[in-house]
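Please read the structure below before turning to the comments.
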Ligand SMILES: [Fe+2]
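Residue numbers (this note's numbering): 314 to 459.
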């Protein structure tokens with residue numbers, strides 16, 4: 314099928330949700346410090362949310378005739394997220410870092426909601442749901458350090 318605003322937006326969602334899922338798991342394993350347990354568990358909620366939404370977005374792309382590309386090289390080349398540092402992540406910085414990452418993916422998705430709505434309101438509605446789910450997780454992470 315031809316590329317469109319909608320297929321491009323959904324494919325962008327695919328790569329960003331995969332990157333977010335992987336980076337949240339990386340942080341889940343490597344976080345240390347005060348409130349370790351809370352952040353360790355919160356990060357697995359981010360992983361679960363990203364994974365659930367990822368499947369919805371990828372399968373919507375398939376439904377409209379696209380071919381979701383979740384290959385590692387495609388994710389690295391296309392995601393809006395910067396790479397996460399290797400090694401230990403201290404909780405004081407990791408809360409803010411991960412809140413920013415979740416919010417960045419959500420905000421990127423939000424930018425495509427209106428353009429997609431002109432082409433395919435159902436895909437646009439899905440992107441709203443994805444953004445809402447990510448906003449919730451970003452808020453959980455931010456609220457923990459306010
Ligand atoms: Fe775990």
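Yeah, the Cβ is synthetic: ideal placement off N, Cα and C, and Gly gets one too.
Separation of residue 382 from residue 373, as counted between CA atoms:
The C-alpha of residue 373 lies about 13 Å from the C-alpha of residue 382.
Once DSSP output is grouped into helix, strand and coil, what is the label at residue 415?
Here DSSP, grouped into helix, strand and coil, assigns residue 415 to helix.
Residue from 444, 452, 459 whose Cα sits closest to the Cα of residue 330
The shortest C-alpha to C-alpha distance from residue 330 to any of 444, 452, 459 is the one to 444.
Nearest-angstrom Cα distance between residue 347 and residue 456?
The C-alpha of residue 347 lies about 15 Å from the C-alpha of residue 456.
Ignore the nearest five residues each way along the sequence and tell me which others in residue 399's own chain have a CB closer than 7 Å to its CB.
Cβ within range, chain order: n/a, list empty.
Measure the alpha-carbon distance for residue 438 versus residue 378 and round it to whole angstroms.
Going by the C-alpha atoms only, they are around 18 Å apart.
On a Cα-Cα basis, can you pick out the residue from 442, 413, 345 that is closest to residue 326?
The option with the nearest alpha carbon to residue 326 is 442.
Give the DSSP-derived three-state secondary structure of residue 384 in the structure shown.
Correct three-state label for residue 384: coil.
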